[in-house]
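Chemist: Those protein sequence lines, which keep their order, are chains A and B.
Here the first sequence stands for residues 1 to 180, where the numbers follow my numbering.
Here the second sequence stands for residues 1001 to 1180, where the numbers follow my numbering.
Here it is, the structure, as C-alpha cells.
Number of protein chains: 2
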Amino acid sequence: MEPKNKVFIATSLDGYIADKNGGIAWLDDIPEINTIDTGYETFTSQIDAMLMGRTTFETVLSFGIEWPYKKPVFVLSRTLTKVPQNLKGKVFLVNGTLKEVLQTIHNKGLYRLYIDGGKTIQSFLKQDLIDEIIITIIPTLLGGGLSLFGELSEKLQFECVSSKVYLDKIVQNRFVRKKV
Amino acid sequence: MEPKNKVFIATSLDGYIADKNGGIAWLDDIPEINTIDTGYETFTSQIDAMLMGRTTFETVLSFGIEWPYKKPVFVLSRTLTKVPQNLKGKVFLVNGTLKEVLQTIHNKGLYRLYIDGGKTIQSFLKQDLIDEIIITIIPTLLGGGLSLFGELSEKLQFECVSSKVYLDKIVQNRFVRKKV
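Here it is in C-alpha cells:
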C-alpha cells in the first residue's frame, strides 16, 4: 500500500488553529457544526493510524474525556517516557527524524496516516511529507493566534479537488499535493 | 441603496496576497486560471466604484498596461496630490477617516464598493466595514509573504454562503458578514 500522510483540520477564516490565548472555544462559534457530519468519521475510517505532537496529545488528555481515537495514535516526543496506563496499546511514543518515525510506523503495516497538531503538520510540510489537506473553515476572523501554516523554504503546489459548504456557513476544501 | 463593501481577491493556500518579495508571479502557478471565468466580470458589473490604497494603485500603474478598471476608482492617499493626466475622470484621490471617505463616495451616489489592496482591506476589517469577501485560493503554499488578514481587536463572524471549484484545482469561497 502506498503511504499517505493526510491532514484533517479546522481553521478560522484567517487561518488560525488556536486563538491568541491558545484557545479553541471559537470552534463552537457555529454550534450547529456539532450536529452534522462533516466527513470526520469517513476520513478516520480510511486511515490506519494517527501521528500527533506531544502538545496536541497533552491537550487532548487535558479535556478529561474518554480517549476519542479508535486507531493507534503515535505521539512524537523527545521528552515523554511513558504513556498513561489506560492508554497502553492505544498510544505509542515515537521519536527520531520524521523519516525514521514514518519508517517505524510503516514497518507495523500502517501506511495511511492522519497527521495532527500545528507544529507536527508544519514539520511535515517543511519536508514535503503531506499528501492531502482537508481544511474546514470556521468563518470567524480571529485577528491573531496560532497559524496552521508556517514558514517554508520552497513553495509547494497543491490542487483543490473538492469543496463543500455546510449549513450555508462552513466550508470544507480538500487539497492534494501535486507532484510532477 | 444600502451601502456594501466587498472584497474580491486571490490568496495562496496559506493566506498570502504577495510572496516574501512582494511578488505575485505565483498567481500564475496555475496558468489555466487565465482562460476561465472565475466571476470577476460579474462581480465588477455589480459594483459602483472601487476603493484601493496608494500602494495597490501604484502597483497597477507599474504594470504599464492599459488602465484595467471600468468603474470609478478612489485611491486612499495622504501623500498623492494629483492623478496622471490620462486617468483624470477615472481615478479620484480621497483621504480622511474611512467613514469620511465612504461618506464622500456615497454622496456621489456610489454605494456598492469593491475594496482592494492588503492594507486597505485590513483597515476596513479593523473597523468592521466589510460586508462580503470572495476569496479565490490559488493552492500554492508560499511559506511566507504578505497576509491578506491582519490583527483585529475583536473577532468577526462571517458565513460561507457558497463555494466553487475551478479546473479541479482552484477554489473560490464566498463569505458574508453575519450581523446580529
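Every residue gets a Cβ at the ideal spot worked out from N, C-alpha and C, and that includes glycine.
Small disclaimer: the values here were computed from a predicted structure and weren't measured.
Given a cut-off of 8 Å on the beta-carbon distance, is the pair Phe158(A) and Leu1027(B) in contact?
Modeler: no
Chemist: Please report how far the alpha carbon of Asp1168(B) lies from the alpha carbon of Cys160(A), in whole angstroms.
Modeler: Distance between Asp1168(B) and Cys160(A), taken at the CA atoms: about 6 Å.
Chemist: Examine chain A for any beta-carbon lying closer than 8 Å to the beta-carbon of Pro1139(B), and answer yes or no.
Modeler: yes
Chemist: List in chain order: all unbroken alpha helix (DSSP H) runs of 4+ residues lying wholly within the region 1117–1149 of chain B.
Modeler: 1118–1126
Chemist: Just to confirm the assignment, what range does the alpha helix (DSSP H) spanning Ile45(A) have?
Modeler: Note on residue identity: the sequence assigns Ser, not Ile, to residue 45(A). Its alpha helix (DSSP H) spans residues 40–45.
Chemist: Distance, Cα to Cα, Leu1152(B) vs Lys20(A)?
Modeler: 11 Å
Chemist: Listed from N- to C-terminal order along the chain, which residues in the region 141–163 of chain A have their beta-carbon within a distance smaller than 9 Å of any beta-carbon of chain B?
Modeler: Leu141, Leu142, Gly143, Gly144, Ser147, Leu148, Phe149, Gly150, Glu151, Leu152, Ser153, Glu154, Lys155, Leu156, Gln157, Phe158, Glu159, Cys160, Val161, Ser162, Ser163
Chemist: Please identify the residue among Ala1018(B), Ile1036(B), Glu1002(B), Gln1046(B) whose C-alpha is closest to the C-alpha of Ile1009(B).
Modeler: Ala1018(B)
Chemist: Excluding the five sequence neighbours on either side, which residues of its own chain have a C-beta within less than 6 Å of the C-beta of Leu113(A), listed in chain order?
Modeler: Here Leu113(A) has Asn5, Ala49, Leu51 as same chain residues with Cβ atoms under 6 Å from its own Cβ, once five neighbours each way along the sequence are excluded.
Chemist: Given this structure, state the Cα-to-Cα distance separating Ile65(A) from Lys1099(B), to the nearest angstrom.
Modeler: 49 Å
Chemist: For the candidate residues Thr81(A), Asn173(A), Leu148(A), whose alpha-carbon lies nearest to that of Pro1139(B)?
Modeler: Asn173(A)
Chemist: Got a sec, what are the start and stop residues for the alpha helix (DSSP H) Gln103(A) sits in?
Modeler: If you look at Gln103(A), you'll find it in the alpha helix (DSSP H) that goes 98–106.
Chemist: Work out the CA separation of Leu1013(B) and Gly109(A) for me, nearest whole Å.
Modeler: 32 Å
Chemist: Which chain A residues sit within Cβ distance under 7 Å of Lys1169(B)?
Modeler: Glu159, Cys160
Chemist: Counting contacts by CB-CB distance shorter than 8 Å, is Asp1116(B) in contact with chain A?
Modeler: For Asp1116(B), the answer is no, since every Cβ of chain A falls outside 8 Å of its Cβ.
Chemist: Could you compute how far the alpha carbon of Glu132(A) sits from the alpha carbon of Ile1135(B)?
Modeler: 21 Å
Chemist: With DSSP as the reference, label Gly78(A) as helix, strand or coil.
Modeler: Per the sequence shown, residue 78(A) should be read as Arg rather than Gly. In the three-state reduction of the DSSP assignment, Arg78(A) falls in the coil class, being assigned neither a helical nor a strand state.
Chemist: Could you check if Arg177(A) is buried or exposed, using at least 16 other CB atoms within 10 Å of its CB as the buried criterion?
Modeler: Counting Cβ neighbours within 10 Å, Arg177(A) comes out buried, since at least 16 surround it.
Chemist: Cα-Cα, which of Asp29(A), Pro3(A), Phe175(A), Lys119(A) is closest to Val75(A)?
Modeler: Lys119(A)
Chemist: Given Leu1087(B), which residues of its chain have a CB within under 7 Å of its CB, disregarding the five upstream and five downstream residues?
Modeler: Trp1067
Chemist: Leaving out the 5 sequence neighbours to the left and right, which residues in its chain are closer than 7 Å to Leu1146(B) when beta-carbon positions are compared?
Modeler: Tyr1016, Ile1017, Ala1018, Gly1022, Gly1118
Chemist: Opposite Asn173(A) in the DSSP bridges: which residues?
Modeler: Ile135(A), Ser163(A)
Chemist: Could you tell me which of Thr59(A), Gly144(A), Gly150(A), Thr79(A) sits nearest to Leu125(A), measuring between CA atoms?
Modeler: For Leu125(A), the closest C-alpha among the options Thr59(A), Gly144(A), Gly150(A), Thr79(A) is that of Gly150(A).
Chemist: Decide if Ile1105(B) is buried, meaning its Cβ has at least 16 other Cβ atoms within 10 Å, or exposed.
Modeler: buried
Chemist: Among all the DSSP beta bridges, which residues are the ones paired with Met52(A)?
Modeler: Val75(A), Asp116(A)
Chemist: Determine the chain B residues that contact Asp29(A) at a beta-carbon separation under 7 Å, and present them in chain order.
Modeler: Gln1157
Chemist: Using 8 Å as the threshold, is the C-beta distance between Thr1044(B) and Lys1071(B) below it?
Modeler: Taking 8 Å as the cut-off, the beta carbon of Thr1044(B) is found closer than this to the beta carbon of Lys1071(B).
Chemist: Could you pull the DSSP bridge partners for Leu1093(B) from this structure?
Modeler: Val1075(B)
Chemist: Phe1175(B) touches chain A at which residues, Cβ-Cβ below 7 Å?
Modeler: Leu13, Pro139
Chemist: Report the three-state DSSP secondary structure of Ile1030(B) (helix, strand or coil).
Modeler: coil
Chemist: Against Leu113(A), what residues of chain B qualify as contacts under a CB-to-CB distance less than 8 Å, listed in chain order?
Modeler: Per Cβ cutoff of 8 Å: no residues; Leu113(A) is ~19 Å from chain B at best.
Chemist: Which term fits Phe1057(B), buried or exposed, when burial requires 16 or more other beta carbons within 10 angstroms of its beta carbon?
Modeler: buried
Chemist: Roughly how many angstroms lie between the CA atoms of Leu1102(B) and Thr1079(B), to the nearest whole one?
Modeler: Pairing Leu1102(B) with Thr1079(B), the inter-Cα distance amounts to about 19 Å.
Chemist: Listing by chain order, which chain B residues have their CB less than 8 Å from the CB of Trp67(A)?
Modeler: Correct list: empty, because the minimum Cβ distance to chain B is about 31 Å.
Chemist: For Ser77(A), collect the residues of the same chain with a Cβ closer than 7 Å to its Cβ; drop the 5 residues on either side in sequence, then sort them by chain order.
Modeler: Arg54, Leu93, Asn95
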